[in-house]
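Colleague: Sharing a structure with you now.
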Amino acid sequence: MHNVKKVTDLIEDDGKQYIKEHITELHPADIADIIETLDEEKKKELFNLLHTKIASKVIVEVNEHSRDQILEDINKEKLTDIVEEMSSDDAADLIADLPKKEAKDILEKLHWEDSTEVQKLLKYPEDTAGGIMQTELLSVREEVLIEDAIIQLMALSENIGDVPNVFVVDKNRRLVGILPVRKLLIVKHEMPISGIIDRNVISVNVNEDQEEVANIFKKYDLVSLAVVDDDSRLVGRIQIDDIVDVLVEEASEDMLHMAGIYQDEKIMDPPLKSVRMRLPWLVINLATAILAASVVGLFQDTLQAMVILAMFMPIVAGMGGNAGTQALTVTIRGIALGELSFNNAKRAVLNGITIGLLNGVVTGVIMALIAYYWKGNYMLGIVLGLAMMV
Numbered sequence: 134m135h136n137v138k139k140v141t142d143l144i145e146d147d148g149k150q151y152i153k154e155h156i157t158e159l160h161p162a163d164i165a166d167i168i169e170t171l172d173e174e175k176k177k178e179l180f181n182l183l184h185t186k187i188a189s190k191v192i193v194e195v196n197e198h199s200r201d202q203i204l205e206d207i208n209k210e211k212l213t214d215i216v217e218e219m220s221s222d223d224a225a226d227l228i229a230d231l232p233k234k235e236a237k238d239i240l241e242k243l244h245w246e247d248s249t250e251v252q253k254l255l256k257y258p259e260d261t262a263g264g265i266m267q268t269e270l271l272s273v274r275e276e277v278l279i280e281d282a283i284i285q286l287m288a289l290s291e292n293i294g295d296v297p298n299v300f301v302v303d304k305n306r307r308l309v310g311i312l313p314v315r316k317l318l319i320v321k322h323e324m325p326i327s328g329i330i331d332r333n334v335i336s337v338n339v340n341e342d343q344e345e346v347a348n349i350f351k352k353y354d355l356v357s358l359a360v361v362d363d364d365s366r367l368v369g370r371i372q373i374d375d376i377v378d379v380l381v382e383e384a385s386e387d388m389l390h391m392a393g394i395y396q397d398e399k400i401m402d403p404p405l406k407s408v409r410m411r412l413p414w415l416v417i418n419l420a421t422a423i424l425a426a427s428v429v430g431l432f433q434d435t436l437q438a439m440v441i442l443a444m445f446m447p448i449v450a451g452m453g454g455n456a457g458t459q460a461l462t463v464t465i466r467g468i469a470l471g472e473l474s475f476n477n478a479k480r481a482v483l484n485g486i487t488i489g490l491l492n493g494v495v496t497g498v499i500m501a502l503i504a505y506y507w508k509g510n511y512m513l514g515i516v517l518g519l520a521m522m523v
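Structure below.
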């Protein structure tokens with residue numbers, strides 16, 4: 134079943150029943166990898182063979198292009214069943230990508246509790262804590278006995294997935310503490326839970342930016358984080374797997390910004406859409422290139438008198454571009470990791486200038502020596518050396 138060609142052949146040779154029986158041997162992420170290697174029709178065929186529970190996990194793992202292809206003409210009843218099996222955050226993400234009418238139809242077909250939870254999540258911007266949190270969690274009142282908390286955990290475990298922590302709230306559902314499940318299971322069951330909880334609980338506001346949420350996970354080595362509203366009421370939790378997705382997304386976004394590309398652009402987008410997104414940045418770059426050319430034009434007489442300078446112009450320009458790319462990359466990385474802020478911006482600028490000057494001196498001396506020994510003209514070496522330093 135791990136062989137992609139074998140799966141393709143089975144689909145073509147009417148071996149669908151075999152696939153249906155043995156596909157469960159694979160992890161949903163592996164099934165997603167197989168789906169992404171198939172053409173559009175076979176993607177749909179293989180996905181339709183999946184059991185609803187597996188399909189709900191696979192649809193989250195496939196890339197956006199494959200997901201759009203699969204959902205293009207999927208049966209609404211099947212899609213509703215799939216959404217029912219998904220965690221609230223994944224369901225909200227999927228429904229948010231559907232056309233408005235189709236999304237409305239799915240929400241109406243869902244069980245009212247699931248529909249209500251998903252609609253709550255859809256109100257939050259997708260790049261906030263509220264946009265990536267899930268509402269499935271285990272919360273207990275602080276006066277509850279440990280024995281009762283364990284009973285609740287056993288009753289809800291199948292529906293709420295991994296439960297690394299139990300969140301403890303007061304009568305107004307305000308978060309007052311947290312308790313690791315492993316600790317819950319080893320203490321005396323007759324004790325009230327309030328006696329063993331950690332009240333120094335780390336939480337995040339529902340409107341916090343997802344990048345800051347990722348920084349909190351990194352800073353405190355968390356696997357789960359409570360999400361609260363403006364009144365400190367518990368509204369959801371964020372799991373480490375969601376943060377991994379955030380880190381990938383933020384890194385991708387930073388890389389695209391460096392190249393002047395919008396995050397919304399996908400590799401399989403229609404050419405005209407990509408042209409509209411890329412053209413403004415290319416026009417700006419063209420304008421700056423023309424400006425640079427006009428500066429060179431001011432020294433036209435010098436270049437005519439000493440044509441050999443034109444030979445070295447690409448080297449000087451290229452080294453300047455390389456130095457700029459290095460500085461830009463380090464700066465963007467510093468911003469992404471939270472190392473750069475307004476408080477240390479001045480120091481960072483001075484540091485960058487110092488690095489640029491030192492690199493300029495070293496490369497300038499090297500270039501001056503090369504020019505002198507190559508062309509036997511010490512003035513040419515001095516000019517090129519100074520140009521590299523600047």
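Using the numbering used here, the final residue of the sequence shown is 523, and nothing's skipped along the way. Beta carbons: idealized from backbone N, C-alpha and C, even for Gly.
Do alanine 162 and glutamate 197 have their CB atoms nearer than 7 Å?
Modeller: Result no, Cβ atoms of alanine 162 and glutamate 197 do not sit closer than 7 Å.
Colleague: Just checking my contact of alanine 225 with leucine 270 at CB under 8 Å: how many whole Å lie between their CB atoms?
Modeller: Actually they do not touch by this definition, with Cβ atoms about 15 Å apart.
Colleague: Run through DSSP, which three-state label would serine 220 get?
Modeller: coil
Colleague: Considering Cα atoms alone, identify which of Leu367, Asp238, Lys256 is closest to aspartate 214.
Modeller: Checking every option, the nearest Cα to that of aspartate 214 belongs to Asp238.
Colleague: Skipping 5 residues on each side, what residues in its chain have a beta carbon closer than 7 Å to that of methionine 521?
Modeller: Beyond the five residues adjoining it in sequence on each side, methionine 521 comes within less than 7 Å, by CB distance, of Val449, Met452, Gly493, Thr496, Gly497, Met500 in the same chain, given in chain order.
Colleague: Among the candidates Glu383, Leu179, Glu169, Glu173, whose CA atom is the shortest distance from the CA of glutamate 154?
Modeller: Leu179
Colleague: In the DSSP assignment, find the beta strand (DSSP E) that holds arginine 366 and state where it starts and stops.
Modeller: It is not in any beta strand (DSSP E) - arginine 366 carries neither H nor E in the DSSP assignment.
Colleague: Which residue from Asp375, Ile152, His184 puts its Cα closest to that of isoleucine 265?
Modeller: Asp375
Colleague: For the alpha helix (DSSP H) containing valine 494, list its first residue and its last residue.
Modeller: 478-508
Colleague: Thinking just about the alpha-carbon of each residue, which of Asp260, Thr261, Thr268 is nearest to the one in glutamine 252?
Modeller: Residue nearest to glutamine 252 within the set Asp260, Thr261, Thr268 is Thr268 (criterion: CA-CA distance).
Colleague: Where proline 413 and leucine 419 are concerned, what is the direct C-alpha to C-alpha distance, given to the nearest angstrom?
Modeller: 10 Å
Colleague: With DSSP collapsed to three states, give me the class of aspartate 247.
Modeller: helix
Colleague: To the nearest angstrom, how far is it from the Cα of methionine 512 to the Cα of alanine 443?
Modeller: 15 Å
Colleague: In chain order, which alpha helix (DSSP H) runs of at least 4 residues are fully inside the segment 153-193?
Modeller: 161-170, 173-182
Colleague: Only counting runs of 4 or more residues, tell me where the alpha helix (DSSP H) segments fall wholly within the segment 254-300, in order along the chain.
Modeller: 262-265, 279-293
Colleague: So aspartate 260 and aspartate 342 are in contact, right, with Cβ under 8 Å, and what is the actual spacing, rounded?
Modeller: 6 Å
Colleague: Let's see if you can read the secondary structure: which residues bound the beta strand (DSSP E) around asparagine 338?
Modeller: 336-338
Colleague: Quick one: what's got a C-beta closer than 6 Å to alanine 347's C-beta in the same chain, skipping five residues either side?
Modeller: Ile376, Val379, Leu380
Colleague: Suppose the cutoff is 8 Å on Cβ atoms and the five residues either side in sequence are ignored; what does the same chain contact list for glutamate 383 look like?
Modeller: Once the five neighbours on either side are set aside, the close Cβ partners of glutamate 383 are Gln343, Glu344, Ala347, Ala469.
Colleague: Can the beta-carbon of lysine 233 be found less than 7 Å from the beta-carbon of glutamine 202?
Modeller: Not in contact: lysine 233 and glutamine 202 (Cβ atoms no closer than 7 Å).
Colleague: Is DSSP giving aspartate 201 helix, strand or coil here?
Modeller: helix
Colleague: Could you tell me which residues DSSP pairs with isoleucine 106 in its beta bridges?
Modeller: With the chain running from 134 to 523 in the structure shown, residue 106 is simply not present.
Colleague: What is the rounded straight-line gap between the Cα of serine 220 and the Cα of isoleucine 207?
Modeller: 20 Å
Colleague: With a Cβ-Cβ cutoff of 7 Å, do glycine 310 and aspartate 331 count as a contact?
Modeller: Their beta carbons are under 7 Å apart, which means glycine 310 touches aspartate 331 by this criterion.
Colleague: Anyone know if the C-beta pair for isoleucine 335 and tyrosine 353 falls short of 7 Å?
Modeller: yes
Colleague: In three-state terms, what does DSSP make of aspartate 238?
Modeller: helix
Colleague: Using CA atoms only, rank isn't needed, just tell me which of Gly518, Lys479, Leu405, Gly467 is closest to phenylalanine 445.
Modeller: Gly518
Colleague: I'd like the list of long-range same chain contacts for proline 325, defined as Cβ closer than 8 Å, with 5 residues on each side in sequence excluded.
Modeller: Once the five neighbours on either side are set aside, the close Cβ partners of proline 325 are Glu275, Glu276, Val277, Leu278, Ile279.
Colleague: Name the residue from Ala262, Trp245, Ala188, Glu246 whose alpha carbon lies nearest to the alpha carbon of leucine 227.
Modeller: Ala188
Colleague: Once the 5 residues before and after threonine 157 are set aside, which same chain residues still bring their CB inside 8 Å of it?
Modeller: The beta carbon of threonine 157 lies closer than 8 Å to those of His184, Ile187 in the same chain, with the five residues before and after it left out.
Colleague: Name the DSSP bridge partner or partners of glutamine 372?
Modeller: Ser357
Colleague: My assumption, with CB atoms under 8 Å, is that leucine 308 sits in contact with valine 299. Please give the rounded CB distance.
Modeller: That belief does not hold up - the Cβ atoms of leucine 308 and valine 299 are roughly 12 Å apart, past 8 Å.
Colleague: Should valine 339 and glycine 263 be called a contact, given that it needs their Cβ atoms to be closer than 7 Å?
Modeller: yes
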